[in-house]
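All remarks here apply to the structure that follows.
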Amino acid sequence: MEDSSERGRLSPLRVLVAIASYGASNDRYLKQLIREYQTMSFAVDIVIISNIEKRVADDIECLVGLPSRNPWSLPFSHKKLFADRADRYDLFIYSEDDILITEKNLLAFLDVTASLQDDEVAGFLRIEKGDDDVINFPDVHAYFHWNTTSVRSRGQYTLASFTNEHAACYVLTRQQLAKAIKSGGFIVEPHEGKYDLLCTAATDPYTQCGLTKLIPVSHLDDFTVHHLSNKYVDSMGIRKVSLLQQIGALLQAAADPQAPPPLLGAETRLWRCMYSKDYYEPASEPAVAMIPDHARSILSIGCGSGCSERRLVERGCRVVAAPLDPVIASYAAAQGIEMVPGDLRAVLAKVESEQFDCVLYQNVLHLAPDPVEMLALFRSVLAPSALVIIQVPNMLCIPVLWRGARDRRRLHRRGGYEATGVHFTSVGRIREWCHRAGLTLDKVVPILHRRAEPIRPVMRGFVGVSMAPELVVVARAALPTSAPADKTIESVRRKRAALADDRN
């Protein structure tokens, strides 16, 4: 077997690869990774980090042991390895044992790095291949999305930031690694927050070391790595055709100085980003069911990929939607949904001459800087007898409180919206917001966890609400004689003052 010193004569570049490998279940992928690295024209040294002894080849080192008692902390072991050998290599690669990084990927990484600023790092997106050879991008899911203001040109490359920094791998140059180590955020105890332990080990360089991960969207194929296990191909992610559609919209928005801004910040700063808006959330059957059949025009505030909205289009409704951002807008527009992108006031300016039979807020009200303002702004476009449908998390339900008691990281951080990016929501809070916005609450529909559905018949009234992690609230415009709470309180104060004057 050709050793690294012989391969090193073909290229001066020395590469250290650390591969995290649990047990033996992925050994077939691990061997494929090793074969790939051994055929490269660089001087590559491979170190396997595992919880069991592995003897793959004589020239491959295996480090056994966990950095903490938590078994998922294993990947953090690579950090000390990199720090100890930081001056011996030019390139440092960390990956899980089923991530195939090719020489083509590394050559592209080196090429774009020459044009990047000191705090910018080229990153990768994972791909998976289904039985039909359709390409799936599993990293594009949940609340993760393109940062529409992050697009930049560097040499021949156009790059952008994707909010999911995790790709189960990263590549750093010696200079980038030195910057990460110097920041104080690289050599740290195993920890988790936005990501779990396994993912955090691969994202720390970007999340707490002063480096920004950028995807070279102009050369996407050079910056995709194959997730060999293909474990999410049918359960998570989007197809390549959809991703290319998003990138096209991203670049179009970046080239337009008048491009609309995102509607609101959809990602919270809670542990694991709890209560963030899912850009790809499935159709909400409970929310859609509350929209009466006679409703023909719907305004949706905070549309993601548009699954619920598409259901309404299929019912024959005209659906106008304020998208979360211009990129996801292209996704929903292709499904017959009329898009009105921009911030809340820009959206209102575009629709204020119309009237709608229903206004839908699906899991966005708690993310608005001012929920009362969001509700009040669109009260003016409600047709007579129109409904307002609000879906929100029920943060006061027993399952949520129980999980918070067992794991205090799930509890809200102090500091309110400014610190967390989210407002606390419960039936009482939604009722208060509606009243202050000039709406009256008609009905509360609890959305039970799927495992609790069999006992729905006994989950009525307060019991049902107290066990439901989500709520659908139905409201309507208050009668003209019913003043919002803020005005009512002020009028009571004035009457009391007048009575006091009369007595005097």
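At position 295 of the sequence shown (counting the first as 1) the number is 294 in numbering that gives the first Met the number 0, and the numbers step up by one without a gap. Glycine included, each C-beta is placed from N, C-alpha and C at the ideal position. Quantities reported herein were computed from a predicted structural model and do not represent experimental measurements.
task = If I'm right that Ala-19 touches Glu-95 with Cβ under 8 Å, what's the distance once you round it to whole angstroms?
result = As a working mapping, residue 19 is identified with position 20 in the sequence shown. As a working mapping, residue 95 is identified with position 96 in the sequence shown. Rounded to the nearest angstrom, the Cβ distance from Ala-19 to Glu-95 is 5 Å, consistent with a contact under 8 Å.
task = Would you list, in sequence order, the uninterrupted beta strand (DSSP E) runs of no fewer than 3 residues that lie entirely inside the stretch 25 to 57?
result = Segments of the beta strand (DSSP E) lying fully in the stretch 25 to 57: 42 to 49.
inquiry  = Using the three-state DSSP reduction, which class does Thr-148 fall into: helix, strand or coil?
reply    = By one-based count along the sequence shown, residue 148 stands at place 149. Of the three classes helix, strand and coil, the one that applies to Thr-148 here is coil, per DSSP.
ask   = Are Leu-176 and Ala-85 touching if we call contact CB-CB under 7 Å?
value = Your numbering for residue 176 matches position 177 in the sequence shown. Your numbering for residue 85 matches position 86 in the sequence shown. Yes, the Cβ-Cβ distance between Leu-176 and Ala-85 is below 7 Å.
task = Measuring alpha carbon to alpha carbon, tell me which of Glu-35, Asn-362, Ile-98 and Thr-147 ends up nearest Pro-256.
result = The residue you call residue 256 lines up with position 257 of the sequence shown. Ranking Glu-35, Asn-362, Ile-98 and Thr-147 by CA distance to the CA of Pro-256 puts Thr-147 first.
ask   = Relative to the C-alpha of Lys-128, which residue among Ile-237, Met-289, Leu-376 and Asp-118 is closest?
value = Reading the sequence shown from its first residue, position 129 is the one you call residue 128. Here the closest residue by C-alpha is Ile-237.
inquiry  = On the criterion of 16 or more Cβ atoms from any shown chain inside 10 Å, does Arg-435 qualify as buried, or is it exposed?
reply    = Position 436 of the sequence shown, counted from the first residue, corresponds to residue 435. Buried: at least 16 other Cβ atoms inside 10 Å.
key: contact_flag[the stretch 64 to 82, the stretch 43 to 50] where n(CB pairs < 8 Å) is 3 or more   = A contact exists between the stretch 64 to 82 and the stretch 43 to 50.
inquiry  = Tell me the DSSP secondary structure of Phe-222 in three-state form.
reply    = Translated into the one-based positions of the sequence shown, residue 222 becomes position 223. Phe-222 falls in the helix class under three-state DSSP.
task = Give the DSSP bridge partners of Met-338, in chain order.
result = To locate residue 338, count along the sequence shown from 1; it is residue 339. For Met-338, the pairing in a beta bridge is given by DSSP as Ala-320.
message = Using 7 Å as the threshold, is the C-beta distance between Lys-239 and Ile-98 below it?
response = Within the sequence shown, numbered from 1, the residue matching residue 239 stands at position 240. Within the sequence shown, numbered from 1, the residue matching residue 98 stands at position 99. With respect to the 7 Å criterion, Lys-239 and Ile-98 are not classified as neighbours on the basis of their beta carbons.
inquiry  = Suppose the cutoff is 6 Å on Cβ atoms and the five residues either side in sequence are ignored; what does the same chain contact list for Arg-13 look like?
reply    = Walking along the sequence shown from the start, residue 13 turns up at place 14. Result list for Arg-13: Ala-42, Tyr-88 and Asp-89, in chain order.
request  = Please state whether DSSP places Ser-481 in a helix, a strand or coil.
outcome  = The count along the sequence shown starts at 1 and reaches residue 481 at position 482. Bear in mind that the predicted position of Ser-481 carries a pLDDT of just 47, short of 50, making it too unreliable to give a figure here.
query = Which term fits Glu-469, buried or exposed, when burial requires 16 or more other beta carbons within 10 angstroms of its beta carbon?
reply = Looking up residue 469 in the sequence shown gives position 470. Taking all protein chains in view, the Cβ of Glu-469 is crowded by 16 or more other Cβ atoms within 10 Å, so the residue is classified as buried.
request  = Find the nearest neighbour of Cys-433 within the set Trp-401, Leu-386 and Gly-420, judged by alpha-carbon distance.
outcome  = Within the sequence shown, the letter at position 434 stands for residue 433. Comparing alpha-carbon positions, the option among Trp-401, Leu-386 and Gly-420 lying closest to Cys-433 turns out to be Leu-386.
request  = Just the C-alpha distance for Gln-251 and Ala-320, rounded to the nearest angstrom, thanks.
outcome  = In the sequence shown, the residue the question calls residue 251 occupies position 252. In the sequence shown, the residue the question calls residue 320 occupies position 321. Distance between the alpha carbons of Gln-251 and Ala-320: 20 Å.
query = Between which two residues does the beta strand (DSSP E) containing Ala-474 stretch?
reply = Along the sequence shown, read from residue 1 onward, the residue named residue 474 stands at position 475. 469 to 476 is the extent of the beta strand (DSSP E) around Ala-474.
request  = Under 6 Å Cβ to Cβ from Asn-25, same chain only, skipping five residues before and after it: list those, please.
outcome  = For the purposes of this step, residue 25 is taken as the residue at position 26 of the sequence shown. The residues are Asp-96 and Asp-97.
query = Using 8 Å as the threshold, is the stretch 113 to 129 in touch with the stretch 156 to 171, meaning 3 or more CB pairs across them?
reply = Yes: at least three Cβ pairs fall under 8 Å.
ask   = The beta strand (DSSP E) spanning Ser-439 covers which residue range?
value = Here residue 439 refers to the residue found at position 440 when the sequence shown is read from its first residue. Note that residue 439 is Thr in the sequence shown, not Ser. 438 to 446 is the span of the beta strand (DSSP E), which, as asked, contains Thr-439.
query = For the candidate residues Pro-291, Val-472, His-140 and Ser-217, whose alpha-carbon lies nearest to that of Gly-247?
reply = Position 248 of the sequence shown, counting from 1, holds the residue named residue 247. It is Ser-217.
ask   = Does the stretch 282 to 294 come close enough to the stretch 377 to 386 to have 3 or more Cβ pairs within less than 8 Å?
value = Enough Cβ pairs lie closer than 8 Å, so yes.
inquiry  = Measuring only the C-alpha atoms, how far is Glu-337 from Asp-356?
reply    = Position 338 of the sequence shown, counting from 1, holds the residue named residue 337. Position 357 of the sequence shown, counting from 1, holds the residue named residue 356. So the alpha carbons of these two residues sit roughly 16 Å apart.
Reference Met-306, options Gln-334, Pro-70 and Ala-23, closest by Cα = The residue labelled residue 306 in the question sits at position 307 within the sequence shown. Checking the sequence shown, residue 306 turns out to be Cys, not Met. Nearest option by C-alpha distance: Gln-334.
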